[in-house]
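J.: Going left to right, the sequence shown walks through residues 2 to 236 as this note's numbering numbers them.
Backbone N, C-alpha and C fix where the C-beta goes; we use that ideal spot for every residue, glycine too.
Values in this document were obtained by computation on a predicted structure and should not be read as measured data.
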Amino acid sequence: MTETDVVEVEPVEDVEDSETLAVPLADLRPALEAVLMVADQPLDQVSLASVVGYPVAEVAEALAGLASEYDESGRGFELRNVAGGWRFYTREEFAPVVEKFVLDGQQARLTQAALETLAVVAYKQPVSRSRVSAIRGVNVDGVMRTLLTRGLVEEAGTDPETGAHLYRTTSYFLERIGVTSLEELPELAPLVPDLEDIEDEIAPVAAELEAPVEAPVEAPVGAPVEAPSEEPDGD
Numbered sequence: 002m003t004e005t006d007v008v009e010v011e012p013v014e015d016v017e018d019s020e021t022l023a024v025p026l027a028d029l030r031p032a033l034e035a036v037l038m039v040a041d042q043p044l045d046q047v048s049l050a051s052v053v054g055y056p057v058a059e060v061a062e063a064l065a066g067l068a069s070e071y072d073e074s075g076r077g078f079e080l081r082n083v084a085g086g087w088r089f090y091t092r093e094e095f096a097p098v099v100e101k102f103v104l105d106g107q108q109a110r111l112t113q114a115a116l117e118t119l120a121v122v123a124y125k126q127p128v129s130r131s132r133v134s135a136i137r138g139v140n141v142d143g144v145m146r147t148l149l150t151r152g153l154v155e156e157a158g159t160d161p162e163t164g165a166h167l168y169r170t171t172s173y174f175l176e177r178i179g180v181t182s183l184e185e186l187p188e189l190a191p192l193v194p195d196l197e198d199i200e201d202e203i204a205p206v207a208a209e210l211e212a213p214v215e216a217p218v219e220a221p222v223g224a225p226v227e228a229p230s231e232e233p234d235g236d
């Protein structure tokens, strides 16, 4: 068999998509590497087999071969099968240099203003931007843009009464704080005993901000405005 030969894929029960295209046998490992390189989550063998058009058994063998190859060559990364899915990971012994890269400004920390805004969205979601502004007492446009860019919050439809855009936290937010669901967040009531009173006070302000007018007001009159420049551009 030459390198240009294409392996004919016989139907297998594991791979349901019969329209996938087989790659030359010599390209099977590189093809798997390419797919795994762009994946943002672990991929199981069935999914990979469906993509490259090979039986699951052959894909499993190729993945194991790649993992061994990386281990033997002492690469800075490794291919692991974790929880039924394959994914690239940096090698443990190089953790110090990876950590230095991350801490040297590649992931700028959120400011206190951003953290406070994120907390409001987390506990009041889905919530409009003007309501967040009313709760915090300041304009949050710049901070919300930062949170959207970082992938910590996302749009969640519109308010049926006012038409204002609503926002909620993302799965990436849960991942970053180390929980699997919003139910795992600590209760807010013990921290803010008068929460209901606060809600009653800000309700009229939020309603006024969300009311459709010719020149939408983004913050209560006289409220200080947070300059967008206070937020670093880095991730």
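For the candidate residues LEU148, GLY158, GLN113, THR163, whose alpha-carbon lies nearest to that of TYR173?
T.: The residue labelled residue 173 in the question sits at position 172 within the sequence shown. Closest by alpha carbon: LEU148.
J.: Label GLY54 either buried or exposed according to how many other C-beta atoms from any shown protein chain fall within 10 Å of its C-beta, with 16 as the threshold for buried.
T.: Taking the first residue of the sequence shown as position 1, residue 54 is located at position 53. Buried is the call here.
J.: Suppose you measure from the CA of ALA58 to the CA of GLY179; what does that come to, to the nearest Å?
T.: Here residue 58 refers to the residue found at position 57 of the sequence shown. Here residue 179 refers to the residue found at position 178 of the sequence shown. Spanning the two alpha carbons is a distance of roughly 35 Å.
J.: Given a threshold of 16 other Cβ atoms within 10 Å of its Cβ, counted over all protein chains shown, does VAL141 qualify as buried or as exposed?
T.: Within the sequence shown, residue 141 is the residue found at index 140, counting from 1. Buried is the call here.
J.: Count the other CB atoms, across all protein chains shown, that sit within 10 Å of the CB of TYR168; report buried if there are 16 or more and exposed otherwise.
T.: As a working note, residue 168 is residue 167 in the sequence shown. It counts as buried.
J.: Which of helix, strand or coil does DSSP assign to PRO25?
T.: Counted from its first residue, the sequence shown places residue 25 at position 24. Strand.
J.: State the start and end residues of the unbroken alpha helix (DSSP H) segment that holds LEU80.
T.: Residue 80 sits at position 79 when you count from the first residue of the sequence shown. Not the alpha helix (DSSP H): LEU80 falls in the beta strand (DSSP E), residues 78-83.
J.: How should MET38 be labelled, buried or exposed, when 16 other C-beta atoms within 10 angstroms of its C-beta is the threshold for buried?
T.: Sequence index remark: in the sequence shown, residue 38 carries index 37 (1-based). By the neighbour-count criterion, in which 16 or more other beta carbons inside 10 Å mark a residue as buried, MET38 falls on the exposed side.
J.: In the DSSP assignment, find the unbroken beta strand (DSSP E) run with VAL53 in it and report its ends.
T.: Within the sequence shown, residue 53 is the residue found at index 52, counting from 1. Per DSSP, VAL53 belongs to no beta strand (DSSP E); it is in the alpha helix (DSSP H), 46-53.
J.: Note down, in chain order, each residue of its chain lying with its Cβ closer than 7 Å to the Cβ of ARG137, except the 5 sequence neighbours on either side.
T.: The residue you call residue 137 lines up with position 136 of the sequence shown. Same-chain partners within the cutoff: GLU117, THR118, VAL121.
J.: Rounded to a whole number of angstroms, what is the C-alpha to C-alpha distance between ALA61 and HIS166?
T.: Walking along the sequence shown from the start, residue 61 turns up at place 60. Walking along the sequence shown from the start, residue 166 turns up at place 165. Cα to Cα, ALA61 sits roughly 46 Å from HIS166.
J.: Out of ALA123, LEU80, ARG130, point me to the one whose CA is closest to THR171's CA.
T.: Within the sequence shown, the letter at position 170 stands for residue 171. Closest by alpha carbon: ALA123.
J.: Locate the alpha helix (DSSP H) running through ARG146, then write down its first and last residues.
T.: Taking the sequence shown and counting its residues from 1, the one referred to as residue 146 is at position 145. Start and end: 142-150.
J.: My understanding is that PRO31 touches ARG88, with C-beta atoms under 8 Å, so please give their C-beta distance in whole angstroms.
T.: For this step, residue 31 is matched to residue 30 along the sequence shown. For this step, residue 88 is matched to residue 87 along the sequence shown. Not quite, the Cβ-Cβ distance comes to about 17 Å (not below 8 Å), so this is no contact.
J.: Return the CA-CA distance between LEU49 and ARG92, expressed in angstroms with no decimal places.
T.: Walking along the sequence shown from the start, residue 49 turns up at place 48. Walking along the sequence shown from the start, residue 92 turns up at place 91. Looking at the two C-alpha atoms, the distance is approximately 23 Å.
J.: Do you know whose CA, among THR112, GLY77, LEU67, PRO161, lies nearest ASP29's CA?
T.: Counting from 1 along the sequence shown, the entry for residue 29 is found at position 28. The displayed chain sequence assigns Leu, not Asp, to residue 29. LEU29 has its Cα closest to that of LEU67, out of THR112, GLY77, LEU67, PRO161.
J.: Measure the alpha-carbon distance for ASN82 versus VAL24 and round it to whole angstroms.
T.: Your numbering for residue 82 matches position 81 in the sequence shown. Your numbering for residue 24 matches position 23 in the sequence shown. If you take the alpha carbons of ASN82 and VAL24, they lie about 23 Å apart.
J.: Looking at the unbroken alpha helix (DSSP H) that takes in GLU1, where does it start and where does it end?
T.: Here the chain has residues from 2 to 236 only, and residue 1 is not among them.
J.: Considering VAL122, what are the terminal residues of the alpha helix (DSSP H) in which it resides?
T.: Start at 1 with the first residue of the sequence shown, and residue 122 comes out as number 121. Residues 113-125.
J.: For the beta strand (DSSP E) containing ALA157, list its first residue and its last residue.
T.: In the sequence shown, the residue the question calls residue 157 occupies position 156. Looking at the DSSP string, the run of the beta strand (DSSP E) that includes ALA157 is 154-159.
J.: Just the Cα atoms here: how many angstroms apart are GLU176 and SER134?
T.: In the sequence shown, residue 176 corresponds to position 175, counting from 1. In the sequence shown, residue 134 corresponds to position 133, counting from 1. Spanning the two alpha carbons is a distance of roughly 26 Å.
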